[in-house]
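J.: Next up is a structure, given as structure tokens.
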Amino acid sequence: MKLINGLGLTLLLGTAVWTGTTIQANAKTLTWHSGTPKSLRKTWYHNGTGDNQAYITYSATKSTGNLLQATNAKNTYAKLPGYGLKKLKYQTLGHHVYRLSGIQYSPKGSTVQFDGQRMTYQVKVVSKHQLHFYKGYAKYVTKPAFKVVAFNQLTH
């Protein structure tokens, strides 16, 4: 009986240690890091249909993006002033899957509905040329299927 109780205690302690290690490992994975993952730091484009083209640029500490506006030139779009998230931080959820969180801001002279509020969303870096947003299921790529010009070059 003592042998069985000793064996039971050993299994119980072993399970507790193993479970504790697993919980610690998961907690480390979900640590918040300041800034953005290096694999995101570039401009990404959404090649939507019709007038549904957009861009998002990630720097070390913020994201900036907006829709692209069609110009009179064929297959050419202008980058509108961007809004996005500042004071970004992220968690690594899995293989190239990230949860990003930051404070929403708008370009000078305009405001968005949730200015100053925290926003959180998930993305997956599918490859160095493709990004997947889980909310909206949008695919972004590094090479747009159209010409992009600066907003100040817009001629309508």
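Numbering (our numbering), first residue to last: 968 to 1123.
Beta carbons are placed, not taken as given, at the ideal position from N, Cα and C, and that holds for glycine.
1. Helix, strand or coil for residue 997, going by three-state DSSP, please let me know.
2. Please report the distance separating the alpha-carbon of residue 1107 from that of residue 1029.
3. Tell me the rounded alpha-carbon separation between residue 991 and residue 1058.
4. Taking the alpha carbon of residue 1081 as the point to measure from, which residue in 1096, 1095, 1071 has its own alpha carbon closest?
5. What are the partner residues of residue 1115, as DSSP defines its beta bridges?
6. Would you check if the distance between the CB atom of residue 1003 and the CB atom of residue 1027 is smaller than 9 Å?
T.: Quick answer:
1. coil
2. 17 Å
3. Only weak support exists for where residue 991 lies, its pLDDT of 49 falling under 50; the coordinates are left without a value.
4. 1071
5. 1044
6. yes
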